[in-house]
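**Q** Read top to bottom, the protein sequences are chains W and S. Position 310 of the first sequence, counting from 1, maps to 310 under my numbering, and the rest follow consecutively. Just so we're on the same page, my numbering is the position in the second sequence counted from 1, plus 1000. From the three backbone atoms N, C-alpha and C, an ideal C-beta is built for every residue, glycine too. Remember, it's a predicted structure, so these values are computed and weren't measured experimentally.
Number of protein chains: 2
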Amino acid sequence: MKIALDVMGGDNAPYSIIDGGLDALKEDNEIYIFFVGPKETIEEHIASKNFSGISGRYEIIDAQDVITNDDKPVEAVRVKKESSLVKAVTLVKSGLADSVVTAGNTGAFMAAGFFVLGRIKGISRPALAPIFPAQGGRHTVVLDIGANMDATSENLVQYAKMGSIYAEAVFRIEKPKVGLLNIGVEEGKGNEVTKAAYELLKNETDINFIGNVEAREVPMGAADVIVCDGFVGNVMLKFMEGLASSIFSTLKEELTAGFFRKLGALTLKPAFNGFKKKMDYSEHGGAPLLGVKGACVKSHGSSDAKAIKNAILKQGKGMVKEGVLKKFNKGI
Amino acid sequence: MKIALDVMGGDNAPYSIIDGGLDALKEDNEIYIFFVGPKETIEEHIASKNFSGISGRYEIIDAQDVITNDDKPVEAVRVKKESSLVKAVTLVKSGLADSVVTAGNTGAFMAAGFFVLGRIKGISRPALAPIFPAQGGRHTVVLDIGANMDATSENLVQYAKMGSIYAEAVFRIEKPKVGLLNIGVEEGKGNEVTKAAYELLKNETDINFIGNVEAREVPMGAADVIVCDGFVGNVMLKFMEGLASSIFSTLKEELTAGFFRKLGALTLKPAFNGFKKKMDYSEHGGAPLLGVKGACVKSHGSSDAKAIKNAILKQGKGMVKEGVLKKFNKGI
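In C-alpha cells:
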C-alpha cells in the first residue's frame, strides 16, 4: 500500500508531518510512503530520527515549491506544478501511489483532485467527508464540510449516495441510515435547497434515506451519514472543535477551584483522558475527498504527528483496502 | 411592566408555563402578567398553587384555540384568531402588554410578529437572537437562528445593525464587536451570500465590524454579536444543545465506571453543577424576535418553568427596560 504524503501542508509542516509518516511506517509494515517535499530537509530529519526497520519502505520525492493557505486554490494548482501538494496528487494520478494525504490548503487540494485526477462519473462536485464521533462509541460520516460552498439539491443527492457507499465500506454495515441535516424533522422544513433535496432523496431507492435530522441529533448518532451543504458542515465541524475545547477549559476551571476539588479531579484523570480521546478528532484521522478518481485524504490544518499517522493508517489505507473507489464506480 | 404569556406554547404547556409565570411574579414584584389560554385550566392551576402576594398582579385572558407545531404558520395566524399565541401578541399591539413570551410554534410567532405588530422601518426580515454562553462568563448574541431560512446579504447587514444595538443595550457595552460567521477569516471566503455581506458590512460605519469569525471562535467569545443565515444559526444552536448533552452523558459513563471514580465524582458534584449551569440555555431565558414593532420573546420549545421565568425576567422585562425598541427606531 503506497501513500503519497504532502510534507509541506498544515500548520506543523514539515517536521510533525514527517514524524507522522515515520510513525505510520513503524506501526504498520504494509505501508510504503512517498515523502513529498524539499529533499534535503526530509532526508536530514529522517536521518536525525535514526529509525530502524523502515529502510526500503519509503522514498523521497523532491518538491521545492509550496502552496500556502494564502494561495488562490485553482491558480496555485495551475501555476505551482512543482509544489509538494500537486506532486503528491500526481503520484496517485500516475498510479505510483494508491492514495494521498495532506494537511495543506483545502481548496487547492480540492482543485488538484478536480483537475489532476478528475471527477467520478455522475458526480458534479466532490465532497469532504470526515467522521464525527457520536454517543456510545458510534460514528457518523458528515458530508460536505467545505469542498463546495453553494451546494444545489442535486449535489446533496450525490453526497447521499457517496456517503452511503463510504459508510457501508468503512463501518461495515449494510444500508447505512442517511439523514438530511435540517432545522426540523418534518417534510417541508428548511431552506430552498434542503426542501428540494428532500423531494429528490425520498425517491432514491438505492439509499436508506431516513428523512430530516436536526443538528441536535447528530452527536447522538441518529444517522450513519449526514448530508449537508459545505458551508453548514464546515460551521458544524468547527463549532464542535471550539465547543469541546471551551467545555474542557470551563470544566478545568471548575475542577481546580479549591483544594478538595483538585484532589477529586486527580482521581478522575483517567476518566477525563478516556473522555478526551472520544472527542479527539485526531483519533479519526483525516477526511476523504469523495468524488474524485483517486483516494484523497485531507487532514486537519493543525494536525500533529498522531493525526497524520491516523490519516495514513485509517483513511489513506482504509479507503484503498475497502475498495471504496471501485464501489463508487459501480454504485453511482 | 406588563408581560403577555402564551400559556399553551411549548412541550410542557400549560402547567410548566403557568408555573414559570408564577415564579416570575414571586421573584419580581415589578412584573404584571397576562396569562393567555383556556381560562378554567389557568384558574384551577393557579388556585391549586395557593401562592400569596401575587393577587392584583396578574390577569387571565381567555383563549380557547391553540396553534400547534404542526400548524402552518401564516395560515394558523390568519385563521386561529382565538389562539393563545395570536391573542398574546395582540395584547402588545393594543398597548396593554409591554412584551410577549411564548414557547410555541416559532414560525407562527414570527408570522404573528410580522402581520399583527408589523416590521420596524428599514428591516425587511425579523431575526431570532438568542444569547450563546461563551468562555470566561462572556456572552454572544447570535442572529438569526431560524426566523428566515434563506437570508440575503442585505438581511445579514440588517441583522448586524439590530444585533449591535441589542448587545449594546443588554450587555451594556459600547460599540459591540460584530462578526460575520464564515468558514475562514480571510476576506473572500465563504458562500455567495457571506461574500456579498462582507463587502457591505465593511462599509458600514455605525457598527464595529470585526470581519469573518469561524464557528470555532464562537464559544471562545470572539465577538459580542455573530451574524448568520437562519438555517446555519439554527444548526449551530441545536448542535450546541446536542453536543453538550452528549458530552455530559459520555462524561457520566466515564466517571461512574468503577468504585474509585464514583467516589471522585461525588466530591466534584458542585463543580459539575457549576459547569452545567454555565452551559444551560434555560439560564439565559428566551430569544428576542428582533425587527418587529413590539418586544417579542421566543422561549425554547422544551422550556420548563425555570426557562419561562428567565425568559420573562431577563428578556421580556430586559428588552423593555433597556428601551431596545426605541433604540432600533433611532439607529436603523
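Under a three-way DSSP split, which group does D19 of chain W fall into?
**A** D19 of chain W sits in a helix when the DSSP states are folded into three classes.
**Q** Determine the contact status of L1128 of chain S and A1108 of chain S, defining contact as a CB-CB distance below 7 Å.
**A** L1128 of chain S is not a Cβ neighbour of A1108 of chain S, given a cutoff of 7 Å.
**Q** If V66 of chain W sits next to A111 of chain W, beta carbons under 8 Å apart, how far is it from one beta carbon to the other, in whole angstroms?
**A** Their Cβ separation, rounded to whole angstroms, is 15 Å, which puts V66 of chain W and A111 of chain W out of contact at 8 Å.
**Q** Mind listing which residues of the segment 1228–1240 of chain S have their C-beta closer than 7 Å to chain W's C-betas, in chain order?
**A** F1231, V1232, N1234, V1235, M1236, K1238, F1239, M1240
**Q** Report the rounded CA-to-CA distance for S171 of chain W versus G1242 of chain S, giving the unit in angstroms.
**A** Here residue 171 of chain W turns out to be Phe, not Ser, going by the sequence shown. Cα to Cα, F171 of chain W sits roughly 23 Å from G1242 of chain S.
**Q** Over the uninterrupted alpha helix (DSSP H) stretch that includes P73 of chain W, give me the two end residues.
**A** 73–79
**Q** Determine whether the Cβ of S1249 of chain S lies closer than 7 Å to any Cβ atom of chain W.
**A** Taking 7 Å as the CB threshold, S1249 of chain S lines the interface with chain W.
**Q** For C1296 of chain S, which residues does DSSP report across the bridge?
**A** S:V1100
**Q** Would you say M1 of chain W faces chain S, with C-beta separation under 7 Å as the test?
**A** no
**Q** Where E1044 of chain S and N1050 of chain S are concerned, what is the direct C-alpha to C-alpha distance, given to the nearest angstrom?
**A** 10 Å
**Q** S299 of chain W: beta carbon under 6 Å from a heavy atom of the ligand COA?
**A** Although the ligand COA was asked about, the structure shown includes no ligands whatsoever.
**Q** Is I1042 of chain S helix, strand or coil by DSSP?
**A** Reduced to three states, the DSSP call for I1042 of chain S is helix.
**Q** Thinking C-beta only, is D304 of chain W closer than 7 Å to S16 of chain W?
**A** yes
**Q** With DSSP as the reference, please indicate the residues paired to R127 of chain W in a beta bridge.
**A** Reading off the sequence, residue 127 of chain W comes out as Ala, not Arg. Answer is W:L290.
**Q** Can you round the beta-carbon distance between D1028 of chain S and L1313 of chain S to whole angstroms, since I take them to be within the 8 Å contact cut?
**A** Their Cβ separation, rounded to whole angstroms, is 6 Å, which keeps D1028 of chain S and L1313 of chain S in contact under 8 Å.
**Q** DSSP three-state label for D1094 of chain S, please.
**A** Just to set this straight, residue 1094 of chain S is Ser in the shown sequence, not Asp. Three-state DSSP puts S1094 of chain S in coil, outside helix and strand.
**Q** Against P1219 of chain S, what residues of chain W qualify as contacts under a CB-to-CB distance less than 7 Å, listed in chain order?
**A** G242, L243, S246
**Q** V190 of chain W: which of S:V1193, S:F1231, S:E1204 sits nearest, CA to CA?
**A** As written in the sequence, residue 190 of chain W is Gly, which differs from the Val given in the question. The shortest C-alpha separation from G190 of chain W is found at S:F1231.
**Q** Kindly indicate if chain S contains any beta-carbon less than 7 Å away from that of G163 of chain W.
**A** no
**Q** For E1322 of chain S, list the residues DSSP reports as bridge partners.
**A** Paired residues: none, contrary to the question.
**Q** Can you name the start and end residues of the beta strand (DSSP E) that I1226 of chain S belongs to?
**A** 1225–1227
**Q** What is the DSSP secondary structure of I1061 of chain S, counted as helix, strand or coil?
**A** Per DSSP, reduced to three states, the secondary structure at I1061 of chain S is strand.
**Q** Between the C-alpha atoms of F239 of chain W and I165 of chain W, what's the straight-line distance to the nearest angstrom?
**A** So the alpha carbons of these two residues sit roughly 27 Å apart.
**Q** Given this structure, state the Cα-to-Cα distance separating F1132 of chain S from L1237 of chain S, to the nearest angstrom.
**A** Computed Cα separation, rounded: 8 Å.
**Q** So, with DSSP's three-state summary, where would you put K1161 of chain S?
**A** helix
**Q** Measure how close the beta-carbons of T1250 of chain S and Q135 of chain W come, nearest whole angstrom, since I'm counting them as under 8 Å.
**A** 7 Å
**Q** Does the beta carbon of R1138 of chain S come closer than 7 Å to any beta carbon on chain W?
**A** Against chain W, the CB of R1138 of chain S has no partner CB under 7 Å away; the residue lies outside that interface.
**Q** Measuring CA to CA, which of S:N1155, S:S1299, S:N1208 is closest to T1106 of chain S?
**A** S:S1299
**Q** In whole angstroms, give me the CA-to-CA distance for G1163 of chain S and D70 of chain W.
**A** 31 Å
**Q** So, D144 of chain W versus G233 of chain W, is the Cβ gap smaller than 7 Å?
**A** yes
**Q** Output the distance between the C-alpha atoms of E1204 of chain S and G1188 of chain S, rounded to the nearest integer angstrom.
**A** 17 Å
**Q** With respect to the beta strand (DSSP E) encompassing V141 of chain W, which residues constitute its N-terminal and C-terminal limits?
**A** Taken as a continuous stretch (DSSP letters only), the beta strand (DSSP E) holding V141 of chain W covers 139–143.
**Q** Shorter than 7 Å from the beta carbon of D150 of chain W to some beta carbon of chain S?
**A** yes
**Q** For chain W, find out if any of its Cβ atoms is closer than 7 Å to the Cβ of N1105 of chain S; answer yes or no.
**A** no
**Q** Going by C-alpha to C-alpha distance, which of W:I60, W:G104, W:K87 sits closest to V116 of chain W?
**A** W:K87
**Q** Inspect the beta-carbon positions of V213 of chain W and A160 of chain W and report whether they are closer than 7 Å.
**A** no
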